[in-house]
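Enquirer: Pasting in a structure now, in structure tokens, and then I'll have a few things to ask.
Residue numbers (our numbering), protein chains in the order written: chain U, 1 to 333; chain D, 1001 to 1333.
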């Protein structure tokens, strides 16, 4: 895999899968697929979590792993403004895994299913040399309600829910500074890592306020913004000082001098916040409604530009620099 | 995993996932899940294929692997008498896999998708220490048309499509007698292993003829029959001499004296033929229709009994013996 990045490989696969497909409204390449389903749209998404790649056994409990596996799939549906309905779970297990571990994993899956009001309706078990957890979630959205990655236009405002970088901070803490795990800020960071929140209600609310494009931040702001811009055929200008860095990262940086909070917020990944583009006049009322309904902050990060203007980061010195799409690539390194 | 069999673990998981679930008609434990979807039923199924467990890289081309991964999921839908619609593919890849290998894999997935008239609408890529391919298929069926594993009743006839044991014979040939791979019978066996056929039309036809229960033979006749009997709360009596052993197995047994054709047919797995229970008067017309429409044979294997009578194999000596559910268990050994 050294010669192609994950995104390049995905592009090659999409080309191979292209062509007429009856009933498919949005195929591969968005947060989830949209398919015709009677008078509504069906929404389908799948995610694979691999031990040693997407999680480390020593750093997560099976309960948290199950919870997170389902939540991150629901997040893909949230980014389409859809409601989750059903889930399927395929599990590959080494032979030495204890049955009690598997039961705890399913306990976490069940807790997340109850929280997001969806039902786990099926699955598959296989043996494997490392733990592999593959979750598929289906959902639905009204015909006009779905928001893809592809609708952003020049002049739209670029907004993000919540705060960024906490999950990456939690991973750094768990690996390099476990003795601070029980501090208040340490607990915040680990909670962000192990129990991510899918912004389902927020996604639907942003759609109601006219969101033109939406993506969930699974691989980091800079990489996921680049994906949204590519799909929409636009550029963007992000104001560095506006990026909502999670406050606990300041504490982490004090404890671990090598940590750069802004970098974690821009490239860390696994925040599962929603990055959305909105008409300028919708930003203030959408932010007020998200605060009232969910206690969730909405931050205006900058603006959508023409494609030719590129993707820029406006620094505190007033200068624009190219914003390189750096983040989580499964096949990098 | 040494203390629990795959089936025992599945039972434990099902218990954990039980409870009220709005919109779920059939949850975990059947070939696929059935969910309410407007005026029809949605059908959902997922399967994980793991390198070294479900396939061996040296014995299969990436194209065949992709084709098979999709076909075996479609087979689960066929066993519900459903029509496939959409598929999702999650893929875990070691870093040293060539991009061309991945492209060929997707070529096989695409070929099967075209053959079964479904669209691959999404997926996920991850790195992993062995190749893991997790496919989810959705489909649909009319509200009254679905056939589960749970409807068999005493007095029903037990029938099976096609011939059995060829896929297991193909695996034996590939491993132990590769020099016969290009004989006519060797090619038949390898084709059964590498390019399984999902009996979609046959499943719908059997449903039209009043099939009371149906399961696809993924893990072997003896194990899958035991599952159907457990779900239906019945016993069964299989006439040994009626089992449709694939004719090429006689050639394989000549070439490899240790091979027992009847055992491969009963315990081999991966045939993906449909095992169905039918009212006695439906067997002859259903068999005639399957022959006319699809060129597929339907064989009457025996009868469904009361649960207390157990699952029996009637030998050529006229005596009944208990039919032990032996077959493919991912965690056995």
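For every residue, glycine included, the Cβ atom is placed at its ideal position computed from N, Cα and C. For clarity, every value in this text was computed on a predicted model and none was experimentally measured.
Quick one: is the Cβ of residue 257(U) within less than 7 Å of any heavy atom of the ligand MN?
Expert: The model on display carries no ligand, and the ligand MN is accordingly not part of it.
Enquirer: Taking all protein chains shown into account, decide if residue 1176(D) is buried (16 or more other Cβ within 10 angstroms of its Cβ) or exposed.
Expert: Translated into the one-based positions of the second chain, residue 1176(D) becomes position 176. With fewer than 16 other Cβ atoms within 10 Å, it is exposed.
Enquirer: Mapping DSSP to helix, strand and coil, what is residue 1022(D)?
Expert: Locating residue 1022(D) in the second chain gives position 22, counting from the first residue. Of the three classes helix, strand and coil, the one that applies to residue 1022(D) here is coil, per DSSP.
Enquirer: Go through its chain and collect everything with a Cβ distance to residue 1278(D)'s Cβ below 8 Å, but skip five positions before and after it.
Expert: On the second chain, residue 1278(D) is found 278 positions in, with the first residue counted as 1. Answer for residue 1278(D): 1156, 1157, 1159, 1206, 1209, 1210, 1211, 1212, 1286, listed in chain order.
Enquirer: Within the 8 Å Cβ cut-off, does residue 1130(D) reach chain U?
Expert: In the second chain, the residue the question calls residue 1130(D) occupies position 130. Interface with chain U (8 Å Cβ-Cβ cutoff): residue 1130(D) is included.
Enquirer: Between which two residues does the alpha helix (DSSP H) harbouring residue 303(U) extend?
Expert: Within the first chain, numbered from 1, the residue matching residue 303(U) stands at position 303. No alpha helix (DSSP H) holds residue 303(U); the beta strand (DSSP E) holding it covers 298 to 306.
Enquirer: So what's residue 1048(D) in DSSP terms, helix, strand or just coil?
Expert: Here the question's residue 1048(D) lines up with position 48 in the second chain. The DSSP-derived three-state label of residue 1048(D) is strand.
Enquirer: Check residue 1127(D) in the structure and name its three-state DSSP category.
Expert: For the purposes of this step, residue 1127(D) is taken as residue 127 along the second chain, with counting starting at 1. Three-state result, residue 1127(D): strand.
Enquirer: For residue 1121(D), which residues from the same chain have a beta carbon less than 6 Å from its beta carbon, with the 5 sequence-adjacent residues on both sides left out?
Expert: Against the second chain, residue 1121(D) aligns to sequence position 121. Once the five neighbours on either side are set aside, the close Cβ partners of residue 1121(D) are 1086.
Enquirer: List, in chain order, every chain D residue whose beta-carbon is nearer than 8 Å to that of residue 46(U).
Expert: By 1-based counting over the first chain, the position of residue 46(U) is 46. The answer, in chain order, is 1088, 1089, 1090, 1122, 1123, 1124, 1134, 1136.
Enquirer: Among 1267(D), 1188(D), 1043(D), whose alpha-carbon lies nearest the alpha-carbon of residue 1146(D)?
Expert: Locating residue 1146(D) in the second chain gives position 146, where the first residue counts as 1. Comparing Cα-Cα distances from residue 1146(D) to each of 1267(D), 1188(D), 1043(D), the minimum goes to 1043(D).
Enquirer: Take every Cβ of the stretch 1004 to 1016 of chain D, pair it with every Cβ of the stretch 1109 to 1119 of chain D, and state whether three or more of those distances are shorter than 8 Å.
Expert: no
Enquirer: What are the start and end residues of each continuous alpha helix (DSSP H) run of 4 or more residues lying completely inside the stretch 1066 to 1126 of chain D, in chain order?
Expert: Here the runs fully enclosed are 1099 to 1115.
Enquirer: I believe residue 82(U) touches residue 139(U) by the beta-carbon criterion, under 8 Å. Please report the beta-carbon distance rounded to the nearest angstrom.
Expert: As a working mapping, residue 82(U) is identified with position 82 in the first chain. As a working mapping, residue 139(U) is identified with position 139 in the first chain. With 8 Å as the limit, residue 82(U) and residue 139(U) qualify as a contact, their Cβ atoms being about 4 Å apart.
Enquirer: In the DSSP assignment, what residue or residues form a beta bridge with residue 193(U)?
Expert: Looking up residue 193(U) in the first chain gives position 193. According to DSSP, which records beta bridges pairwise, residue 193(U) is partnered with nothing at all.
Enquirer: Suppose you measure from the CA of residue 1318(D) to the CA of residue 17(U); what does that come to, to the nearest Å?
Expert: Here residue 1318(D) refers to the residue found at position 318 when the second chain is read from its first residue. Here residue 17(U) refers to the residue found at position 17 when the first chain is read from its first residue. Each residue's Cα considered, the two are about 55 Å apart.
Enquirer: Do we get a CB-CB distance below 8 Å when we pair residue 1002(D) with the residues of chain U?
Expert: Counted from its first residue, the second chain places residue 1002(D) at position 2. Residue confidence for residue 1002(D) is low, a pLDDT of 47 falling below 50, so the modelled location carries little weight; the figure read from the coordinates is stated next. Closer than 8 Å to some Cβ of chain U, the Cβ of residue 1002(D) qualifies, so yes.
Enquirer: Pull up the distance between the alpha-carbon of residue 202(U) and that of residue 296(U), whole angstroms please.
Expert: Within the first chain, numbered from 1, the residue matching residue 202(U) stands at position 202. Within the first chain, numbered from 1, the residue matching residue 296(U) stands at position 296. Straight-line Cα distance between these residues: approximately 8 Å.
Enquirer: Counting only Cβ pairs nearer than 8 Å, list the residues of chain D close to residue 179(U).
Expert: Start at 1 with the first residue of the first chain, and residue 179(U) comes out as number 179. Within 8 Å Cβ-Cβ: nothing; residue 179(U) doesn't reach chain D, min ~31 Å.
Enquirer: Mind checking which residues open and close the alpha helix (DSSP H) that includes residue 285(U)?
Expert: Translated into the one-based positions of the first chain, residue 285(U) becomes position 285. Start and end: 280 to 294.
Enquirer: In chain D, which residues lie less than 8 Å from residue 23(U) when you measure between Cβ atoms?
Expert: For the purposes of this step, residue 23(U) is taken as residue 23 along the first chain, with counting starting at 1. Within 8 Å Cβ-Cβ: 1085, 1086, 1119.
Enquirer: To the nearest angstrom, how far is it from the Cα of residue 174(U) to the Cα of residue 60(U)?
Expert: Here residue 174(U) refers to the residue found at position 174 when the first chain is read from its first residue. Here residue 60(U) refers to the residue found at position 60 when the first chain is read from its first residue. About 9 Å.
Enquirer: Note down the Cα distance separating residue 1057(D) from residue 1105(D), rounded to an integer number of angstroms.
Expert: As a first step, residue 1057(D) must be located in the second chain, where it is residue number 57. As a first step, residue 1105(D) must be located in the second chain, where it is residue number 105. Computed Cα separation, rounded: 12 Å.
Enquirer: Taking any Cβ of chain U, which residues in the stretch 1191 to 1220 of chain D have a Cβ under 8 Å from it, in chain order?
Expert: none
Enquirer: Determine, using beta carbons only, whether residue 1266(D) comes closer than 8 Å to chain U.
Expert: Translated into positions along the second chain, residue 1266(D) becomes position 266. Among the residues facing chain U, residue 1266(D) is not included, as its CB has no counterpart in that chain under 8 Å away.
Enquirer: Please list the partners that residue 54(U) has in chain D, where partner means a Cβ-to-Cβ separation under 8 Å.
Expert: Position 54 of the first chain, counting from 1, holds the residue named residue 54(U). What residue 54(U) touches in chain D: 1126.
Enquirer: In angstroms, rounded to a whole number, what distance separates the CA positions of residue 180(U) and residue 171(U)?
Expert: For the purposes of this step, residue 180(U) is taken as the residue at position 180 of the first chain. For the purposes of this step, residue 171(U) is taken as the residue at position 171 of the first chain. If I take the Cα positions, the gap works out to 12 Å.
Enquirer: Would residue 28(U) pass as an interface residue toward chain D - the criterion being a Cβ-Cβ separation below 8 Å?
Expert: The residue you call residue 28(U) lines up with position 28 of the first chain. With its beta carbon less than 8 Å from one in chain D, residue 28(U) belongs to the interface.
Enquirer: Examine chain D for any beta-carbon lying closer than 8 Å to the beta-carbon of residue 17(U), and answer yes or no.
Expert: The count along the first chain starts at 1 and reaches residue 17(U) at position 17. Yes, residue 17(U) lies at the interface with chain D (some Cβ there is under 8 Å from its Cβ).
Enquirer: Taking the alpha-carbon positions, what's the residue 1108(D) to residue 1270(D) distance?
Expert: Within the second chain, numbered from 1, the residue matching residue 1108(D) stands at position 108. Within the second chain, numbered from 1, the residue matching residue 1270(D) stands at position 270. So the two alpha carbons sit approximately 18 Å from each other.
Enquirer: Could you tell me whether any Cβ in chain D is nearer than 8 Å to the Cβ of residue 106(U)?
Expert: The residue you call residue 106(U) lines up with position 106 of the first chain. Look at residue 106(U): its C-beta is under 8 Å from a C-beta on chain D.
Enquirer: Can you name, in chain order, every residue of its own chain whose Cβ lies under 6 Å from the Cβ of residue 2(U), other than the five neighbours on each side?
Expert: Position 2 of the first chain, counted from the start, is the residue given in the question as residue 2(U). The predicted position of residue 2(U) is uncertain, since its pLDDT is 47 and thus under 50; no value can be drawn from it.
Enquirer: Would you mind sorting residue 1090(D) into buried or exposed? The rule is 16 or more other CB atoms within 10 Å of its CB.
Expert: For this step, residue 1090(D) is matched to residue 90 along the second chain. Buried, because 16 or more other Cβ atoms sit within 10 Å of the Cβ of residue 1090(D).
Enquirer: Roughly how many angstroms separate the alpha carbons of residue 1225(D) and residue 1232(D), rounded to a whole number?
Expert: Here the question's residue 1225(D) lines up with position 225 in the second chain. Here the question's residue 1232(D) lines up with position 232 in the second chain. Those two C-alpha atoms are separated by around 10 Å.
Enquirer: Going by beta carbon distance, what residues of the same chain come within less than 7 Å of residue 1055(D), once the five residues before and after it are set aside?
Expert: Taking the second chain and counting its residues from 1, the one referred to as residue 1055(D) is at position 55. Non-local beta-carbon contacts of residue 1055(D) in its own chain, meaning distances under 7 Å to residues more than five positions away in sequence, involve 1049, 1065 in chain order.
Enquirer: Are the beta-carbon atoms of residue 338(U) and residue 272(U) separated by less than 8 Å?
Expert: Residue 338(U) lies beyond the residue range present for chain U, which begins at 1 and ends at 333; the question has no answer from this structure.
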